[in-house]
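Since the structure comes first, as structure tokens, the remarks are kept for the end.
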Amino acid sequence: MATQALAPSLRLLLLLPLLAAAAAAAALSHPAHEFCAVGGDASGCGGGGDGTRILIKGGTVVNAHLAEEADVYIEDGVVVAVRPDIPVDVDNVRVIDATGKYVMPGGIDPHTHLEMEFMGTVTIDDFFSGHAAALAGGTTMHIDFVIPVDGNLTAGLESYKHKAAKAAMDYGFHMAITKWNDEVAREMEVMVKEHGINSFKFFMAYKGSLMVTDDLLLQGLRKCKSLGALAMVHAENGDAVAEGQQRMIDLGITGPEGHALSRPPILEGEATARAIRLAKFINTPLYVVHVMSIDAMDEIAKAKREGQRVIGEPVVSGLVLDDSWLWDPDFTIASKYVMSPPIREAGHGKALQAALSSGILQLVGTDHCTFNSTQKAFGSDDFRKIPNGVNGLEERMHILWDSMVETGKISVTDYVRVTSTECAKTFNIFPRKGAILEGSDADIIILNPERSFVMGALTHHSRSNTNVYEGRKGKGMVEITISRGRVVWEDGVLNIAPGSGRYVMMPPFGYVFDGIEKSDATYRASLRAPVQRGKAAA
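Residues -26 to -1, 1 to 512 (mature numbering (1 follows the signal peptide of the UniProt record, and there is no 0)) are what the sequence shown spells out, left to right.
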């Protein structure tokens, strides 16, 4: 990215290679600093144990269950008290005036891809630039997807631990499953029990690379259930997408519009329905990532009406953008909107917003998977070669406030639920994360509802030289971000260092598994089998 495109607060990025090397060395010399268990002792784990004391006064404290006028006292990276009129009775306390502003849990993004090898290149944002973008936008934790190395989960995890050595905020891991054998099944158990990974993703698309068959998906669902791990799916019919891509090429449609035309909503709906039915057959919870269409949303709504445990995750791009950009005559503009499933035609986004406000869809991610214009140009003559992905880590919290709260579609408490609390509950790290309660990690944002924002590549903190929200204006600005008790974003300036982030282990058997054993017992009792029969006559 050109130097003039860097925000002033990110001049530190110019020193990234040297800083990353130092961070990697530090991580190797202090391995205990990298991985910290939920509920464990934060001291020695990078857990804000620096004696920092902060008192936030005069704001409206918002949790998913309650908004109240209260002060928040923070010490050593943890929320110590939440109540009105907390006095300043100790030395060395920084007082932050939040009068007229909202004090809320930092956002948790359940869906990111930092420094991921994909489609012949690597996403442009790593665990430092991605975290810089996140913190500037009010997100204080994310969960990234580990991609196995030749199907090997352990090798994949080791690779991502190395990548995350430069992390500047808390993060967790999902694990993708790309093949199946006894060793993969054994490794899944190790990931859950020893490494704090409680979710596994199965790609039903990307034929020839990441895609799994129904047989593999069934085995994976069964194994997830036994481990108390949440099964996740990228739901598109990969075989049909391959057919659709070839159809577009045969018609001479090679530009970015061919991407959307080759994988229509019906293919997302079909795969979503198939995954839901297979999960019902196994009787295990299912998480559908990046729900982009009415077709997929309707299948989730139907399953939830029938009592099935299905979690639907829209992403911010699908909520507020439409596919008209893919028809832009400028390839650089059109290609930056290529992601999978595709951004849909006008109408889908509004329907997804309505589903989010009504609870059919439960939490919002970004699928932050950024490539710059040079990387996107790999597919200038063939849309199939355009690296799939858009930005969103920095923009999510602001766009959701402006498009959902400012318009009256959701309340401020619902905003906290869909951006933070529901994610923490789903992945079993609540109330340490996703809440401002006594004992919670001090991951907090202060949002000024009267401040306005303008988005664009010249001011964002991603390394990409493009932004799919270029020129977007709105109301509601995160003025201060606090990560584990440290002010890391204030007055448009970041105060972060690579290597200061912390891995958060996520235990299995979250709330979505409650009652599964009882429903299994009910199913077995309903079978009226085996029938006791006498031997047939000779």
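Note that CB positions come from ideal geometry on N, CA and C, so glycine has one too.
Check whether the Cβ atoms of residue i and residue j lie closer than 8 Å to each other.
{"i": "Asp417", "j": "Ser474", "result": "no"}
{"i": "residue 570", "j": "Thr97", "result": "No information on residue 570 is available, as it lies outside the stretch -26 to 512 that the chain covers here."}
{"i": "Ile268", "j": "His322", "result": "yes"}
{"i": "Thr152", "j": "Gly194", "result": "no"}
{"i": "His372", "j": "Met271", "result": "no"}
{"i": "Asn172", "j": "Asn441", "result": "no"}
{"i": "Ile470", "j": "Val461", "result": "no"}
{"i": "Thr128", "j": "Glu91", "result": "no"}
{"i": "Arg283", "j": "Pro316", "result": "no"}
{"i": "Asp213", "j": "Leu252", "result": "no"}
{"i": "Val56", "j": "Ala44", "result": "yes"}
{"i": "Leu326", "j": "Val364", "result": "no"}
{"i": "Ala138", "j": "Glu368", "result": "no"}
{"i": "Tyr261", "j": "Leu204", "result": "yes"}
{"i": "Phe357", "j": "Gly226", "result": "no"}
{"i": "Glu210", "j": "Ala245", "result": "yes"}
{"i": "Pro472", "j": "Ala107", "result": "no"}
{"i": "Val120", "j": "Ala159", "result": "no"}
{"i": "Ala247", "j": "Ile334", "result": "no"}
{"i": "Val338", "j": "Thr387", "result": "no"}
{"i": "Gly459", "j": "Val123", "result": "no"}
Between which two residues does the beta strand (DSSP E) holding residue i run?
{"i": "Glu242", "result": "No beta strand (DSSP E) holds Glu242; the alpha helix (DSSP H) holding it covers 239 to 256."}
{"i": "Thr344", "result": "Counting along the chain, Thr344 falls outside any beta strand (DSSP E), and DSSP gives it neither H nor E."}
{"i": "Asp59", "result": "Unbroken run through Asp59: none, as it is neither H nor E."}
{"i": "Val35", "result": "34 to 36"}
{"i": "Ile419", "result": "418 to 428"}
{"i": "Val452", "result": "447 to 457"}
{"i": "Glu319", "result": "No beta strand (DSSP E) contains Glu319, which DSSP labels as neither H nor E."}
Nearest to residue i by CA position, among the options, is which residue?
{"i": "Val186", "options": "Leu88, Trp154, Thr395", "result": "Trp154"}
{"i": "Gly430", "options": "Ile28, Ile419, Arg446, Ser103", "result": "Arg446"}
{"i": "Tyr145", "options": "Lys199, Arg196, Ile82", "result": "Ile82"}
{"i": "His342", "options": "Val478, Tyr76, His435", "result": "His435"}
{"i": "Ser314", "options": "Ile307, Asp302, Pro288, Ala325", "result": "Pro288"}
{"i": "Lys140", "options": "Ala150, Pro61, Glu89", "result": "Glu89"}
{"i": "Asp355", "options": "Asp415, Phe404, Thr400, Ile223", "result": "Ile223"}
{"i": "Tyr47", "options": "His264, Ala38, Asp71", "result": "Asp71"}
{"i": "Asp297", "options": "Asp376, Met115, Lys310", "result": "Lys310"}
{"i": "Arg27", "options": "Asp50, Gly33, His39", "result": "Asp50"}
{"i": "Val428", "options": "Gly448, Ile419, Pro79", "result": "Gly448"}
{"i": "Val77", "options": "Leu330, Val35, Val123", "result": "Val35"}
{"i": "Val486", "options": "Asn362, Thr340, Thr400, Leu337", "result": "Thr400"}
{"i": "His116", "options": "Thr395, Ile420, Asn439", "result": "Thr395"}
{"i": "Glu444", "options": "Trp299, Pro230, Lys278", "result": "Trp299"}
{"i": "Glu380", "options": "Leu131, Ile420, Glu424, Pro405", "result": "Glu424"}
{"i": "Thr344", "options": "Lys175, Ile240, Arg437", "result": "Arg437"}
{"i": "Asp65", "options": "Asn37, Leu29, Asp59, Val54", "result": "Leu29"}
{"i": "Pro84", "options": "Ser385, Pro61, Gly466, Arg370", "result": "Arg370"}
{"i": "Lys197", "options": "Gly182, Phe174, His208, Val215", "result": "Phe174"}
{"i": "Leu241", "options": "Ala179, Phe483, Val263", "result": "Ala179"}
{"i": "Tyr366", "options": "Gly292, Leu192, Lys75", "result": "The sequence shown places Gly at residue 366, rather than the Tyr named in the question. Gly366 has its Cα closest to that of Gly292, out of Gly292, Leu192, Lys75."}
Between which two residues does the alpha helix (DSSP H) harbouring residue i extend?
{"i": "Ile274", "result": "268 to 279"}
{"i": "Gly81", "result": "Where Gly81 is concerned, there is no enclosing alpha helix (DSSP H), although the beta strand (DSSP E) it sits in stretches over 81 to 86."}
{"i": "Leu201", "result": "188 to 201"}
{"i": "His233", "result": "231 to 236"}
{"i": "Tyr134", "result": "127 to 137"}
{"i": "Asp156", "result": "156 to 169"}
{"i": "Lys399", "result": "396 to 400"}
{"i": "His39", "result": "Run containing His39: none; DSSP gives neither H nor E here."}
{"i": "Ala107", "result": "103 to 110"}
Give the DSSP bridge partners of residue i, in chain order.
{"i": "His208", "result": "Phe177"}
{"i": "Trp375", "result": "Note: Trp375 sits in no beta bridge, so no partner."}
{"i": "Phe119", "result": "His148"}
{"i": "Leu260", "result": "Ala205, Val284"}
{"i": "Asp71", "result": "Lys31"}
{"i": "Ala55", "result": "Tyr47"}
{"i": "Tyr76", "result": "Thr34, Leu421"}
{"i": "Asp388", "result": "The partner list for Asp388 (beta bridge, DSSP) is empty, contrary to what the question assumes."}
{"i": "residue 517", "result": "The requested residue 517 does not occur in the structure, where the chain is confined to residues -26 to 512."}
{"i": "Asp415", "result": "Val52"}
{"i": "Val289", "result": "Gly339"}
{"i": "residue 523", "result": "Lying outside -26 to 512, the shown extent of the chain, residue 523 is not represented and no answer is given."}
{"i": "Thr113", "result": "Gly81"}
Going along the chain, which unbroken runs of the alpha helix (DSSP H) with 4 or more residues stay wholly within the stretch 292 to 317?
305 to 309
Within the stretch 465 to 491, note down every full alpha helix (DSSP H) run reaching 4 residues or more, in order along the chain.
none
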